[in-house]
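Undergrad: Take the sequence shown: its letters are residues 1 to 88, numbered as in the numbering used here. Quick reminder that beta carbons are idealized off the backbone N, C-alpha and C, glycines included. Because the structure is a prediction, the values reported are computed rather than measured. Here it is, the structure in full.
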Amino acid sequence: MDVEREQQDNRDLNRGFSDAMAHAVELALTPAIFGFVGYLLDGWLGTGPFLMLGLGLFTVVYVAWRMMKGYDAEMQVRERALFDRRSR
1 MDVEREQQDN RDLNRGFSDA MAHAVELALT PAIFGFVGYL LDGWLGTGPF LMLGLGLFTV
61 VYVAWRMMKG YDAEMQVRER ALFDRRSR
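As structure tokens, then:
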């Protein structure tokens, strides 16, 4: 029984590291990609750095908002599970 608990703890820890790395890459790469697309559009349209900055900032705000919503949903699930466990 103790070995199963240790394996579950290791899986949870590895999943946490994996999720953190995925969020970090998403937070860094997605705005960079959209900023690059904005840079290309700015060069093609001759509009200066406006589209690059606009797309990059919009993407940073969107990714941060989406991460916050995901975190809130996960915490609500965990709080409900904790409350249900305590009420028994």
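Going by other Cβ atoms of all chains shown within 10 Å of its Cβ, with 16 needed for buried, is Leu82 buried or exposed?
TA: By the neighbour-count rule (16 or more Cβ atoms within 10 Å), Leu82 is not buried but exposed.
Undergrad: Leaving aside the five residues before and after Glu74 along the sequence, list all residues of the same chain whose C-beta is less than 7 angstroms from its C-beta, in chain order.
TA: Nothing listed; no residue qualifies.
Undergrad: Which of helix, strand or coil does DSSP assign to Thr47?
TA: Coil.
Undergrad: For Leu51, count the other beta carbons within 10 Å of its own beta carbon; 16 or more makes it buried, fewer makes it exposed. Which is it?
TA: Classification for Leu51: buried.
Undergrad: Is Thr47 buried or exposed, if buried means 16 or more other CB atoms sit within 10 Å of its CB?
TA: That one is exposed.
Undergrad: Check whether the region 15-33 and the region 60-70 are in contact - that is, three or more C-beta pairs closer than 8 angstroms.
TA: Short answer: they touch.
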